[in-house]
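Chemist: Have a look at the structure that comes next, please.
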Amino acid sequence: MNSFVVVRLDGTALVWTDWTLNGAVAPELYRVLQELLDAGTRPVVVDLVEVPSIDNSAVAVLAAAAVRAGQLGFGLELRLPGGHAMAVRDAGQLRSALMLAYPTAA
């Protein structure tokens with residue numbers, strides 16, 4: 064399954080999808096984000112602008128990636144519907160950010 068497009072440029076990565084983020088795609092999202100973080104990619108930008116909804120399994124994956132990025136000294140950069148953009152370094156920041164676009168998911 065290729066639910067995600069990953070674009071790399073000069074050490075930066077953009078992860079894009081327009082799929083609903085749920086339990087069916089959460090393992091793939093986890094794999095993609097962990098591979099990027101393991102490779103030392105920074106920043107990692109996750110573009111959720113076209114994502115219609117997110118469930119708890121995808122929130123958990125994004126939270127784990129945010130915590131890992133924070134431990135590595137940077138933030139997981141989110142692009143959200145409504146023009147919101149922010150870097151998150153822990154699960155609390157991630158949930159606050161997601162509340163802006165997906166109030167029932169966070």
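Residue numbers (my numbering): 64 to 169.
Just so it is clear, CB atoms sit at the ideal spot from N, CA and C, and this is done for glycine as well.
1) Under the three-state reduction of DSSP, which class applies to Glu98: helix, strand or coil?
2) Establish whether the CB of Tyr93 and some CB of chain C are separated by less than 7 Å.
3) Leaving out five residues on either side along the sequence, give the residues of the same chain with a beta carbon under 6 Å from the beta carbon of Ala148.
4) Measure the beta-carbon distance from Val69 to Val95 and round it to whole angstroms, keeping in mind my assumption that it falls under 8 Å.
5) Can you list, in chain order, the stretches of the alpha helix (DSSP H) that have 4 or more residues and sit fully within the segment 77-150?
6) Opposite Arg158 in the DSSP bridges: which residues?
7) Would Ala114 pass as a contact of Leu139 if the rule is Cβ separation under 7 Å?
8) In terms of residue numbering, what span does the beta strand (DSSP E) encompassing Arg71 cover?
9) Based on Cα-Cα distance, which residue from Leu135, Ala128, Val130, Val122 lies nearest to Pro166?
Modeler: So, to answer that:
1) Assigned with DSSP and collapsed to three states, Glu98 falls in helix.
2) Checking the listed chains, one finds no chain C in this structure; it contains a single protein chain.
3) Cβ within range, chain order: Arg142.
4) At roughly 6 Å, the Cβ-Cβ gap stays under 8 Å, so Val69 and Val95 are in contact.
5) Listed in chain order, they are 89-101, 119-134.
6) DSSP output for Arg158 lists no bridge partner at all.
7) Looking at the sequence itself, residue 114 is Val, so the reference to Ala does not match. 7 Å or more divides the Cβ of Val114 from the Cβ of Leu139.
8) Its beta strand (DSSP E) spans residues 68-72.
9) Minimum Cα-Cα distance from Pro166 among the listed residues Leu135, Ala128, Val130, Val122 corresponds to Val122.
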